[in-house]
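Enquirer:
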Amino acid sequence: LSADTTLKLYAPGSNGLIEFISNVTLGGNSAKIIAAETVTIFDGVVVTIGGQLPADVYTGFEGGEVPKANYTGFGGNGSTTGTFAGAGANNPQPIEDAPPFDEAPFVPKAVASGTGATGGGTSTSVVNGRGGKRVPAINIGNTGDLLALLDGAAAGPDGKITLSASTGASRNSNGIRSPGRMSPTRVSLENRTTNSLGGRRPLP
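Under the numbering used here, think of the first position of the sequence shown as 315, with each following residue one higher.
As structure tokens, then:
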């Protein structure tokens, strides 16, 4: 999944979870924000951050000191061997400091370090898992899982795509439907350009 302005993965709430369960790439020359009470990269999994900017990670903190960032390196607590690659990630910051989900996009300042990647067009893409009575969770198997959330959806008058919990199950990279792989109760894609998505997701 990629964007050229801001890509957000949010799982708000006191029990919000974002879990990367197999290798995935977040591409595009965009700012990338990962915000949840707990962010986990499973053992052996690599989350590759495209572009030149490291991802901003926001989590809760155990005892006010240890981040609930279950991965190795980049400020993680080392509880798993999963890690970031590419541009990497900044050290976790408190979840309460995360930018609002609906905040207007900003154009990030380019930095000299990092690796390049192809972008996905002039759009801002947002994926958001919102918790209701159930524990909010986003289990990301691979890039295909993220893209599958957008299949068959059309943008509303406000430029947002909203998928209900009943459509939250995804297809994996083999095209097999995987109920329970992702369980956000609300997923939104926001396109801040003047062009309608027309039921098609923006692809590189």
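Even glycine gets a Cβ: it sits at the ideal position worked out from N, Cα and C.
Could I get the ranges of all uninterrupted beta strand (DSSP E) runs contained in the region 315-389, with 3 residues as the minimum, in chain order?
Expert: 320-325, 331-334, 338-340, 345-350, 352-355, 360-363, 370-373
Enquirer: Expressed to the nearest angstrom, what Euclidean distance is found between the alpha-carbon atoms of P413 and A349?
Expert: Here the question's residue 413 lines up with position 99 in the sequence shown. Here the question's residue 349 lines up with position 35 in the sequence shown. The straight-line gap from Cα to Cα measures roughly 9 Å.
Enquirer: Can you pull the DSSP bridge partners for T394?
Expert: Walking along the sequence shown from the start, residue 394 turns up at place 80. Note: T394 sits in no beta bridge, so no partner.
Enquirer: Just to confirm my understanding: we take P368, look at its own chain, exclude 5 residues before and 5 after, and list those with CB closer than 6 Å. What are they?
Expert: Indexing the sequence shown from 1 puts residue 368 at position 54. Around P368: A401, G402, A403, N404.
Enquirer: Quick one: residues in its chain with C-beta nearer than 6 Å to the C-beta of F388, no 5 flanking neighbours on either side, listed in chain order?
Expert: As a position in the sequence shown, residue 388 is number 74, starting the count at 1. Exclusion of the five residues before and after F388 leaves F398, G402, A403 as the residues of its chain whose Cβ lies within less than 6 Å of its Cβ.
Enquirer: May I have the straight-line CA-CA distance separating I332 from I409, to the nearest angstrom?
Expert: Working through the sequence shown from its first residue, we reach residue 332 at position 18. Working through the sequence shown from its first residue, we reach residue 409 at position 95. Answer to the nearest angstrom: the Cα atoms are 13 Å apart.
Enquirer: How big is the Cα-Cα spacing for G377 and L321?
Expert: Numbered from 1 along the sequence shown, position 63 holds the residue referred to as residue 377. Numbered from 1 along the sequence shown, position 7 holds the residue referred to as residue 321. Roughly 29 Å separates the two Cα atoms.
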